[in-house]
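The listed protein sequences correspond, in order, to chains A and B. When we follow this note's numbering, the leftmost residue of the first sequence carries the number 194, and every step to the right adds one. When we follow this note's numbering, the leftmost residue of the second sequence carries the number 255, and every step to the right adds one. Every residue, glycine too, gets a C-beta built ideally from N, C-alpha and C.
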Amino acid sequence: MYEYELKFSRLRAKYESEWEGLSKPMREARLFRKALELYPLHIRCGDVLAGWYGYASREEMEKVYGDVPDQPSILPEPPHDGKTPVEWLKKHGFKPGSYDRGHYELDYQTLLARGLDAYLADVEKELQNSENSAEKNEYLLGMRAALACAEVFSNRYADLAEQMAREEADETEKNKLLRMAAACRKLPMKPAEDFFEAVQSAYLIWSLSCISYGTWVSVSFGSFDQFMYPYYQKSKEKGMTEEEMIEILLQLFRMLDVYNGVDCVISVGGVDADGNDLTNELSYLLVKAEKHSKLRSPLFVARVNRNTPQKLMRELISSELFEMGQPSFYSEENCLAAMRGRGIDEATARGYGISTCMNPVIPGSEVTHGWGCMVNTHLPLELTLNNGRPICGELPIALKTKPRADYQNADEIFAQYERYLRELFEIAMTWQQEHTVRHAKEFPNPFLSALTNDCIKRGKDRWDGGAVYHNLVIEAFGFANTADAVTAIEKLVFEEKKYRVSDLIEAARADYEGYEALHKDLLQCDKYGMNVERADRNAYRVLSIVSNICEENRAENRRYLPSMHTLWTDVEWGAKRSAFLDGRRAGEPVNKNAGPSTLVRRVGPTSIALSACKMDQIRFSGGQALDVHIGIRNMDSERNRDKIAAYIQTYFRLGGLQLQINGLTSETLQRAYDKPADYPNLMVRIGGHSRYFNDFTNRMKQEFIQRFRVEEGAFLI
Amino acid sequence: MTEGVVFDIQHFCVDDGPGIRTTVFLKGCQLRCAWCHNPEGLLPQPQLFYAASSCTSCQACASVCPGGCHQFVDGHHTVDFSSCTLCGACVDACPNEALRVSGRRMTPQDVLVEVLRDMTFFETSGGGVTLSGGEPLLQVDFACAIARGAKEKGLHVSVETSGHCAEEALRRISKYVDLFLFDFKLASSERHKQLTGVGNEKILNNLALLNSLGKPVILRCPIIPGCNDHEEHYLSIASLANQTPCIREIHLEPYHPFGIGKYASLGMKARYDWREIATSQCVKEAAEFIRSHTNTEVQIT
Ligand code: SF4
Ligand code: SF4
Numbered sequence: 194m195y196e197y198e199l200k201f202s203r204l205r206a207k208y209e210s211e212w213e214g215l216s217k218p219m220r221e222a223r224l225f226r227k228a229l230e231l232y233p234l235h236i237r238c239g240d241v242l243a244g245w246y247g248y249a250s251r252e253e254m255e256k257v258y259g260d261v262p263d264q265p266s267i268l269p270e271p272p273h274d275g276k277t278p279v280e281w282l283k284k285h286g287f288k289p290g291s292y293d294r295g296h297y298e299l300d301y302q303t304l305l306a307r308g309l310d311a312y313l314a315d316v317e318k319e320l321q322n323s324e325n326s327a328e329k330n331e332y333l334l335g336m337r338a339a340l341a342c343a344e345v346f347s348n349r350y351a352d353l354a355e356q357m358a359r360e361e362a363d364e365t366e367k368n369k370l371l372r373m374a375a376a377c378r379k380l381p382m383k384p385a386e387d388f389f390e391a392v393q394s395a396y397l398i399w400s401l402s403c404i405s406y407g408t409w410v411s412v413s414f415g416s417f418d419q420f421m422y423p424y425y426q427k428s429k430e431k432g433m434t435e436e437e438m439i440e441i442l443l444q445l446f447r448m449l450d451v452y453n454g455v456d457c458v459i460s461v462g463g464v465d466a467d468g469n470d471l472t473n474e475l476s477y478l479l480v481k482a483e484k485h486s487k488l489r490s491p492l493f494v495a496r497v498n499r500n501t502p503q504k505l506m507r508e509l510i511s512s513e514l515f516e517m518g519q520p521s522f523y524s525e526e527n528c529l530a531a532m533r534g535r536g537i538d539e540a541t542a543r544g545y546g547i548s549t550c551m552n553p554v555i556p557g558s559e560v561t562h563g564w565g566c567m568v569n570t571h572l573p574l575e576l577t578l579n580n581g582r583p584i585c586g587e588l589p590i591a592l593k594t595k596p597r598a599d600y601q602n603a604d605e606i607f608a609q610y611e612r613y614l615r616e617l618f619e620i621a622m623t624w625q626q627e628h629t630v631r632h633a634k635e636f637p638n639p640f641l642s643a644l645t646n647d648c649i650k651r652g653k654d655r656w657d658g659g660a661v662y663h664n665l666v667i668e669a670f671g672f673a674n675t676a677d678a679v680t681a682i683e684k685l686v687f688e689e690k691k692y693r694v695s696d697l698i699e700a701a702r703a704d705y706e707g708y709e710a711l712h713k714d715l716l717q718c719d720k721y722g723m724n725v726e727r728a729d730r731n732a733y734r735v736l737s738i739v740s741n742i743c744e745e746n747r748a749e750n751r752r753y754l755p756s757m758h759t760l761w762t763d764v765e766w767g768a769k770r771s772a773f774l775d776g777r778r779a780g781e782p783v784n785k786n787a788g789p790s791t792l793v794r795r796v797g798p799t800s801i802a803l804s805a806c807k808m809d810q811i812r813f814s815g816g817q818a819l820d821v822h823i824g825i826r827n828m829d830s831e832r833n834r835d836k837i838a839a840y841i842q843t844y845f846r847l848g849g850l851q852l853q854i855n856g857l858t859s860e861t862l863q864r865a866y867d868k869p870a871d872y873p874n875l876m877v878r879i880g881g882h883s884r885y886f887n888d889f890t891n892r893m894k895q896e897f898i899q900r901f902r903v904e905e906g907a908f909l910i
Numbered sequence: 255m256t257e258g259v260v261f262d263i264q265h266f267c268v269d270d271g272p273g274i275r276t277t278v279f280l281k282g283c284q285l286r287c288a289w290c291h292n293p294e295g296l297l298p299q300p301q302l303f304y305a306a307s308s309c310t311s312c313q314a315c316a317s318v319c320p321g322g323c324h325q326f327v328d329g330h331h332t333v334d335f336s337s338c339t340l341c342g343a344c345v346d347a348c349p350n351e352a353l354r355v356s357g358r359r360m361t362p363q364d365v366l367v368e369v370l371r372d373m374t375f376f377e378t379s380g381g382g383v384t385l386s387g388g389e390p391l392l393q394v395d396f397a398c399a400i401a402r403g404a405k406e407k408g409l410h411v412s413v414e415t416s417g418h419c420a421e422e423a424l425r426r427i428s429k430y431v432d433l434f435l436f437d438f439k440l441a442s443s444e445r446h447k448q449l450t451g452v453g454n455e456k457i458l459n460n461l462a463l464l465n466s467l468g469k470p471v472i473l474r475c476p477i478i479p480g481c482n483d484h485e486e487h488y489l490s491i492a493s494l495a496n497q498t499p500c501i502r503e504i505h506l507e508p509y510h511p512f513g514i515g516k517y518a519s520l521g522m523k524a525r526y527d528w529r530e531i532a533t534s535q536c537v538k539e540a541a542e543f544i545r546s547h548t549n550t551e552v553q554i555t
């Protein structure tokens with residue numbers, strides 16, 4: 194049993210008394226130093242990079258924490274009585290996120306070139322500014338202390354490597370250790386000079402940033418083949434072989450797999466300012482290493498543009514990668530358009546990177562709350578149609594929006610829908626903002642803030658107004674179900690006059706028990722994902738309302754980024770929701786990511802893509818993966834791979850942002866469901882992630898199999 | 255307008271011609287291949303399809319069926335397919351989608367509308383429509399109308415045929431067709447008759463006709479374990495390709511028995527319970543062998 198989680202709360206409890214009287218930023222810097230001093234480090238036999246830490250026996254970790262018990266680590270939330278507006282919203286799956294310590298990507302290009310010493314110098318310089326407030330200086334001093342202790346960590350690796358080198362008999366191994374030691378004496382404080390140093394430095398900085406928050410989740414590298422390329426070229430000129438480079442990359446991947454798991458992005462490709470494709474030799478080398486590694490990590494991303502070489506596409510569309518659930522495809526043109534849509538200037542937008550499973554970001558300049566708010570898009574529809582009340586459960590709070598009834602058409606429904614959504618969104622976001630600020634003040638992160646523009650200049654924490662861009666991703670849960678409900682009402686209530694709205698509400702309240710005929714009528718209505726005009730238009734309208742509200746709430750550096758992400762939480766989230774008006778029964782999953790609802794029958798990869806493209810995806814810069822299932826028997830055939838490439842390019846040409854292709858068939862999944870032990874490494878991809886099939890609950894597995902069946906069949910009749 | 259009976263339209267097919275394709279399955283076939291795993295294509299008329307695995311024995315179907323086709327003995331559901339008039343009442347009544355009608359009457363226009371939805375994908379990938387079956391040329395007027403309509407829209411048109419059809423039908427449709435996917439199952443006519451119900455003379459004559467018309471053909475060869483997975487057959491494939499210049503490529507299709515359960519769903523009986531899968535190793539070896547005897551390109555689908 195190993196433990197490699199850093200329990201800040203325990204360290205804090207143990208040493209707190211030593212830091213009494215210090216400012217909060219200084220206290221956090223001291224805590225960071227403690228971790229870097231005490232954390233057990235390891236270099237394993239055959240290692241080329243230094244970087245294992247933690248991963249010690251429980252006893253060893255107990256020495257670090259002493260006998261201090263585990264503590265609750267996050268700022269406690271206000272009491273839950275279910276009566277406050279936010280508590281009520283949360284009960285309905287409308288959940289503002291409290292605090293996000295992940296979902297960031299540093300500016301490695303600058304970090305590698307300058308080294309952390311340069312950032313220390315920036316802090317020193319800012320401290321000389323006579324106009325600083327006391328609070329700002331206090332924060333800057335915390336930053337200085339935090340940056341300075343990075344060296345403590347790398348020097349410990351250098352000591353360890355030197356000691357091991359002294360004891361090593363094998364010449365080659367000894368030299369590797371000495372190279373490692375020399376690099377760790379210098380990095381990450383000084384600039385990196387070749388490929389080895391750059392990877393070592395980037396990894397150390399990545400680790401330090403993770404340790405500073407005590408979490409490894411959702412921390413990305415981004416455009417690795419671009420920022421590493423100059424170092425690659427230099428080392429290649431000096432004679433470093435491809436094998437040596439792959440050895441370095443493979444160790445990096447192994448360490449990412451252990452610490453991060455599933456969502457550290459390394460991307461290949463892109464375009465320069467003149468629109469030239471940026472694929473380089475390192476891009477191909479990374480693909481090669483990735484195929485070799487057979488690990489979940491890194492999350493391999495391909496930035497595809499219309500000039501992406503056929504050769505790269507053929508390398509990426511391979512059964513080896515597809516079986517690992519890799520890669521994730523992003524459209525270069527549409528990501529850029531999405532960044533421009535955030536109101537970012539052209540040159541900055543061009544520097545975007547792909548972060549985690551989610552979206553494009555400006556590396557080193559933003560804080561992103563990846564789960565800024567999960568929006569239950571169906572709740573406002575319930576309020577709209579049911580006299581201002583949810584279909585099931587109480588309404589313990591007073592809403593300002595005046596209820597209305599007797600709708601004649603979808604326009605009237607959507608107008609009222611927008612009022613309710615706006616009101617609910619504002620309740621959620623007011624709470625969110627207060628909570629974030631409270632957290633940032635109580636638990637600042639001076640180390641990571643120093644590496645985030647413009648925290649030094651502003652002398653502020655990244656979450657407290659320091660970062661250039663402060664983003665909250667707003668996930669539109671169940672948008673397809675909500676749209677399908679409106680489509681059904683248009684057909685069954687307004688046109689055919691077969692039912693009244695109140696009939697539908699009654700049936701949904703009864704979870705459709707005893708309303709079988711009505712339920713069947715609902716199932717037979719057109720749905721988003723079938724590439725049918727009206728159904729897609731309603732999805733478009735739901736999403737437009739979400740993005741309108743996000744955009745109108747922009748303030749200062751704060752942006753709300755609409756997103757269709759659910760990852761795999763469509764099942765978990767759906768399990769807690771009562772019946773929807775589209776025929777979805779209580780507990781059933783909602784639509785997954787940018788895909789259709791689980792009730793839809795007549796869909797296939799082309800109809801799903803065509804429906805999704807009708808959405809204004811570039812407004813959804815919080816990201817929206819589309820998962821499609823393509824069961825191709827022979828992936829070795831170059832022609833078949835070119836057809837998949839054509840599919841991807843077409844989706845992007847039509848406005849798609851992100852695409853995940855599952856090359857598995859439902860038969861394989863069924864076998865894996867029946868005999869999990871035979872398929873320990875089977876991975877499925879979902880919303881930007883790859884996950885082991887066996888990590889899912891049976892319920893989720895069944896949902897997968899069902900989904901695959903429907904889409905493989907693509908039955909018309 | 256001529257109507258036809260279609261039992262499936264599948265989007266994003268990759269094995270039925272160049273590019274991304276939509277494949278239309280026309281119902282009805284005169285062959286009775288022992289290994290056939292798509293029995294929905296055999297009979298020309300629509301049929302009731304009952305998926306036992308989805309049935310919960312709720313008996314809703316029994317209560318609406320005018321012909322008493324749904325019987326329940328000890329909670330076990332049996333369907334009397336022969337008395338079914340396809341009124342569709344039970345299909346509507348079933349809450350579990352366990353019943354459907356396989357085969358729908360459609361006009362060529364209906365089919366084209368569905369096919370053309372994927373136009374963008376055809377344009378970017380050089381794809382188009384494939385008429386398959388069953389044997390599409392049994393419904394020649396219908397097939398011609400679809401092919402003509404598709405051609406008018408600039409689509410690439412393929413026809414997948416067993417070759418067992420009227421010469422005239424082939425001649426008529428060929429003007430609208432860019433590529434034929436032509437089956438070749440067994441070289442010996444006698445064996446062909448044994449295992450498919452018909453000899454292969456007509457089929458080979460039709461292939462010769464396409465050759466004389468100069469129509470590009472992909473020869474489709476199912477590799478069926480215990481039936482034609484031997485070198486003698488591979489040699490006959492190679493020599494047929496060598497003698498017939500219109501054959502541009504040979505496609506080997508590894509046999510899989512996954513559709514075998516459909517027979518019971520349609521109230522039909524499989525001729526054989528053919529359950530062996532052609533392994534990828536075996537098909538790779540077949541491809542290698544054929545390549546060594548012809549210059550025609552050999553692919554595995
Ligand atoms: S289609 Fe009509 S006749 Fe046939 S089984 Fe169903 S209800 Fe009976
Ligand atoms: S109605 Fe459907 S589920 Fe019920 S017994 Fe008939 S076939 Fe089975």
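In chain A, which residues lie less than 9 Å from residue i when you measure between Cβ atoms?
i: residue 268 of chain B; result: 823, 825, 826, 827, 830, 832, 833, 836, 837
Would you check whether ligand 2 has a heavy atom nearer than 7 Å to the C-beta of residue i?
i: residue 315 of chain B; result: yes
i: residue 331 of chain B; result: yes
i: residue 574 of chain A; result: no
i: residue 340 of chain B; result: no
Would you mind telling me which residues of chain B sit closer than 7 Å to residue i, beta carbon to beta carbon, in chain order?
i: residue 709 of chain A; result: 349
i: residue 755 of chain A; result: Within 7 Å Cβ-Cβ: nothing; residue 755 of chain A doesn't reach chain B, min ~25 Å.
i: residue 847 of chain A; result: 374
i: residue 842 of chain A; result: 378
Closer than 8 Å by beta-carbon distance: list the chain B residues that pair up with residue i, in chain order.
i: residue 798 of chain A; result: 265, 266
Let's test the definition: count the other Cβ atoms within 10 Å of the Cβ of residue i and tell me whether it reaches 16, buried, or not, exposed.
i: residue 799 of chain A; result: buried
i: residue 474 of chain B; result: buried
i: residue 194 of chain A; result: Since pLDDT at residue 194 of chain A reaches only 28, below the 50 mark, its modelled position is unreliable, and no value is offered.
i: residue 392 of chain A; result: buried
i: residue 442 of chain A; result: buried
i: residue 278 of chain B; result: buried
i: residue 788 of chain A; result: buried
Would you say the beta carbon of residue i is closer than 7 Å to some non-hydrogen atom of ligand 1?
i: residue 520 of chain B; result: no
i: residue 297 of chain B; result: no
i: residue 321 of chain B; result: yes
i: residue 369 of chain B; result: no
i: residue 237 of chain B; result: Given that chain B is displayed from residue 255 to residue 555, the structure contains no residue 237 of chain B and the question cannot be resolved.
i: residue 911 of chain A; result: Any question about residue 911 of chain A goes unanswered here, given that chain A covers just 194 to 910.
Starting from residue i, find everything on chain A with Cβ-Cβ shorter than 7 Å and list it in chain order.
i: residue 555 of chain B; result: 826, 827
If you measure between the beta carbons of residue i and residue j, is that distance less than 8 Å?
i: residue 620 of chain A; j: residue 743 of chain A; result: no
i: residue 373 of chain A; j: residue 814 of chain A; result: no
i: residue 297 of chain B; j: residue 273 of chain B; result: no
i: residue 397 of chain A; j: residue 640 of chain A; result: no
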